[in-house]
Amino acid sequence: MDAPDTLSKLSISNDAREMLVRAREEGIETVWDRLAAQQPQCGYCSMGVSCRNCAMGPCRVDPFGEGPQQGVCGADADIIVARNLGRTVAAGASAHSDHGRDILEVFESLAAGETSGYEIRDEAKLLALAKEWGIEAGDRSINEVALDLAEAMFEDFGSRKDHVGFLDRLPEQRRKLFEELSITPRGIDRENVEMLHRTHMGVDNDYVNTSLHALRTGLSDGWGGSMIATELSDVMFGTPKPIKSRVNLGALRVECVNIALHGHNPLLSDVIVQAAHDPEMVALAREKGAESINLVGLCCTGNELQMRKGLPMAGNHLMQELVLLTGALDAMVVDYQCIMPAVTDVAKCFHTEIISTADKARFAGATHVPFDPKRGLEIGKQIVALGIEAYVNRNPDRVRIPAGTMDMMAGFSVEAILDALGGTPEPLVEAIRAGKIRGAVAVVGCNNPKIPQDHGHVTLTRRLIENDILVLVTGCAAVANGKAGQMLPESADMAGPGLSEVCKALGIPPVLHMGSCVDNTRILTLAAALANYLGVDISQLPLAGAAPEWYSEKAVSIGAYVVASGIFTVLGVQPPIFGSQNVVKLLAADLEEVVGARFAVEPDPEEAAKLICGHIEAKREALGLPFVATDAAPADKVA
Ligand code: SF4
Ligand code: MSK
-18 MDAPDTLSKL SISNDAREML VRAREEGIET VWDRLAAQQP QCGYCSMGVS
32 CRNCAMGPCR VDPFGEGPQQ GVCGADADII VARNLGRTVA AGASAHSDHG
82 RDILEVFESL AAGETSGYEI RDEAKLLALA KEWGIEAGDR SINEVALDLA
132 EAMFEDFGSR KDHVGFLDRL PEQRRKLFEE LSITPRGIDR ENVEMLHRTH
182 MGVDNDYVNT SLHALRTGLS DGWGGSMIAT ELSDVMFGTP KPIKSRVNLG
232 ALRVECVNIA LHGHNPLLSD VIVQAAHDPE MVALAREKGA ESINLVGLCC
282 TGNELQMRKG LPMAGNHLMQ ELVLLTGALD AMVVDYQCIM PAVTDVAKCF
332 HTEIISTADK ARFAGATHVP FDPKRGLEIG KQIVALGIEA YVNRNPDRVR
382 IPAGTMDMMA GFSVEAILDA LGGTPEPLVE AIRAGKIRGA VAVVGCNNPK
432 IPQDHGHVTL TRRLIENDIL VLVTGCAAVA NGKAGQMLPE SADMAGPGLS
482 EVCKALGIPP VLHMGSCVDN TRILTLAAAL ANYLGVDISQ LPLAGAAPEW
532 YSEKAVSIGA YVVASGIFTV LGVQPPIFGS QNVVKLLAAD LEEVVGARFA
582 VEPDPEEAAK LICGHIEAKR EALGLPFVAT DAAPADKVA
């Protein structure tokens, strides 16, 4: 069995470590074992200089100059690295945007009266969106307006337009810049398809040109597919408002049927919540000896439900196998993205039913119940019934649920933040002007077993709030901060004096949960609103982004659209680009001159905090705002 100090290198969270002890005792493999088994990982792939884009290859370029410097076709390290990066952005942008399309399709069916279990829960938001998209409501029914909006949004995916609809939220100077650079996202599918075209052998062989299109592809996600997903999810499932919730494996209840909702899309999980409250289902659970039905969230499906309903979170990305190790989970319902194929293997060691629901995301060893919005509620009940049946097979002697949960607060949509501020950004702007809040940083993204779970998120966030920097979190970073107790109004005591004062006055935490991975678009919307309010570009604001523990292709797309939108971004995990010093220089330095922002890579969250604090102070200084040297941002660090 691992000594506690070994386990602390795997995760900072106690419930994770408790389950890892069990995994070791019972010989159950987890993501950390599989990472160890992969060592040493391929150096060429890690540096991004391997290519298998055609059958003359696979090829690799020796980054140290001793072996071949070109693939069979003549592609050098710059071309290969840029092409690989471009394809990664396209995969991530496609994942997000396809999620957006799925939401849009159900929204259209809902408007046409063809769904069961769905309704328009935020009419005001629907009407505001319709107005933004130039659709006259007049005296027409809400469903007629919704149908027109759906039609207009579908146009963003595939037809010939010169820009995606939500791009108009950006300040004019940024839209002009995109035009000058030819990186205006024209259509969601178009930019992704074009990236695959450009990276085919013998097409775009200029690493700068390919990299700029990677930014454009990312922008089609951030201001396109993901933004459609967020906004329409709000219309259908409700725009989040501040809500109390809890987090940790202790959210599982021994006396209940426990069902975890895992993945990213709220479409089915919302109707499962309705089904779990159905008296018929509750009666069935009781008949089988359970007290009730207990739903918990995992990853971003969990975030969607936590934001709107306060559903407790079992955990983030690296908890998906460990939640099975409690022996108390009766069913894990998965939709798509970030679901490890290994969950069905771990589930075999227990009684847990893995239920897949998306035809595009099937898992060997899972029971497949295909989602159909026309029978949403019926399917929701069918899935809950499978969980109840599995509960009957639970072995009470194998149940080990780590004790306790941590309280946290979620639900900070842009609308909720503006509400808390009294309906206008003015108080936030004033607090920033006065130096009480130095700036704001989005800490987002995944867990990665290469980093002790949650260490990057929690340490970086803590240092930032201590330095009076408001932190906005989404995805697995939000769960990590929740577990660490940094997302309660009382957590204001952890913040510096200025931020603490503002948070206490507003009754909000210093770390605001803004939702799932697609909801990073809420942060874009907020940044654009602040820039428009001040009449400046986003790149002039004291803002930054960070993805301390990222792993997924979606995170690369997010990084691309955040930087392209003008926000400096620090990555905690090295991306596979270091085989080309030219691409590194472009992304980590030269982009600053091009889009007013750049990437940095800093694995140590303490150092990342210093880097970000220095950046925030430099932006403040450029805006003529008062500078205050702090431990994290001494005067000589400001650059
Ligand atoms: Fe090799 Fe060029 Fe083919 Fe890539 S595209 S596999 S570098 S020949
Ligand atoms: S779930 S993309 S591990 S944040 Fe959105 Fe978490 Fe990253 Fe998946």
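Residue -18 is where the sequence shown starts when you use the working numbering, and the numbers rise one by one after that.
Backbone N, C-alpha and C define an ideal beta-carbon position, used for all residues, glycine too.
What you are looking at is a predicted structure, and each value in this text was computed from that prediction instead of being measured.
Check                                                                                                                                                                                     : Outcome
Taking 7 angstroms as the cut-off, is the C-beta of A63 nearer than that to any heavy atom in the ligand SF4?                                                                             : no
With a threshold of 16 other CB atoms inside 10 Å of the CB of Q623, please say whether the residue is buried or exposed.                                                                 : For residue 623 there is no data in the structure shown, the boundaries of the chain being -18 and 620.
Measuring CB atoms only, is the stretch 573 to 592 touching the stretch 544 to 552, in the sense that at least three cross pairs come out at less than 8 angstroms?                       : yes
For R414, verify whether its CB is less than 7 angstroms away from any heavy atom of the ligand SF4.                                                                                      : no
When you compare the CB positions of L248 and F352, do they come within less than 8 angstroms of one another, or not?                                                                     : yes
Using 10 angstroms around the beta-carbon of K600, count the other beta-carbons present and answer buried if the total reaches 16, otherwise exposed.                                     : buried
If G526 and I548 are in contact, beta carbons under 8 angstroms, what's the gap, nearest whole angstrom?                                                                                  : 5 angstroms
Quick check: what's the CA-CA separation for P557 versus V62?                                                                                                                             : 8 angstroms
Mark C280 as exposed unless 16 or more other C-beta atoms lie within 10 angstroms of its C-beta, in which case mark it buried.                                                            : buried
Could you please give the first and the last residue of the uninterrupted beta strand (DSSP E) stretch that includes K225?                                                                : 224 to 228
Could you tell me the distance, in whole angstroms, from the CA atom of V439 to the CA atom of G94?                                                                                       : 45 angstroms
Roughly how many angstroms separate the alpha carbons of G553 and F580, rounded to a whole number?                                                                                        : 11 angstroms
Can you say whether H181 is buried or exposed, counting buried as having 16 or more other CB atoms within 10 angstroms of its CB?                                                         : exposed
Hey, would you say T338 sits closer than 8 angstroms to D311, going by beta carbons?                                                                                                      : no
Looking at K431 and the ligand MSK, is the gap between the Cβ and the nearest heavy atom below 7 angstroms?                                                                               : no
Going by C-alpha to C-alpha distance, which of N429, A391, G479, I360 sits closest to L409?                                                                                               : G479
Starting from A528, trace the beta strand (DSSP E) both ways and give me its first and last residue.                                                                                      : 524 to 528
With C-beta atoms as the reference, is A133 less than 8 angstroms away from G146?                                                                                                         : yes
How about N462 and Y532: do their beta carbons lie closer than 8 angstroms?                                                                                                               : no
Please state if the CB of I224 and the CB of A391 are separated by a distance shorter than 8 angstroms.                                                                                   : yes
Once the 5 residues before and after A421 are set aside, which same chain residues still bring their CB inside 7 angstroms of it?                                                         : I450, L451, L453, L524
Kindly list the residues whose CB is nearer than 8 angstroms to the CB of S140, restricted to its own chain and excluding five residues on each side of it in sequence; keep chain order. : G168
How about T333 and R381: are their beta carbons less than 8 angstroms apart?                                                                                                              : no
Does DSSP put K618 in a helix, a strand or coil?                                                                                                                                          : Confidence is the limiting factor: at K618 the pLDDT is only 45, short of 50, which leaves the residue's position unreliable, though a coordinate-based value still follows. Helix at K618.
Starting from the N-terminal side, write out each stretch of the alpha helix (DSSP H) that is 4 residues or longer and does not extend beyond the stretch 112 to 169.                     : 123 to 139, 153 to 162
Return the bridge partner residues of D388 from the DSSP annotation.                                                                                                                      : R227
Helix, strand or coil for V434? Go by DSSP, reduced to three states.                                                                                                                      : According to the sequence provided, residue 434 is Gln. The question's Val does not apply to it. In the structure shown, Q434 sits in a strand (DSSP, three-state: E or B).
Under DSSP, the beta strand (DSSP E) around T550 begins and ends at which residues?                                                                                                       : 550 to 552
Note down the Cα distance separating I519 from R443, rounded to an integer number of angstroms.                                                                                           : 25 angstroms
Quick check: does the Cβ of N34 come within less than 7 angstroms of any heavy atom belonging to the ligand SF4?                                                                          : yes
Sorry if obvious, but does the Cβ on S533 come closer than 7 angstroms to a heavy atom of the ligand MSK?                                                                                 : yes
Using 7 angstroms as the cut-off, classify the Cβ of A536 as near or not near the heavy atoms of the ligand MSK, replying yes or no.                                                      : yes
Give me the Cα-Cα distance between D59 and T506, rounded to the nearest whole angstrom.                                                                                                   : 34 angstroms
Quick check on the DSSP output: the alpha helix (DSSP H) that includes N239 runs from which residue to which?                                                                             : Premise fails: N239 lies in the beta strand (DSSP E), 238 to 244, not in any alpha helix (DSSP H).
Among the residues of its own chain, which have a CB less than 6 angstroms from the CB of E396, if the five just before and after it don't count?                                         : T220
Could you check how far apart the C-beta atoms of I489 and A423 are, in whole angstroms? I think they sit under 8 angstroms.                                                              : I489 to A423, Cβ: 16 angstroms. No contact.
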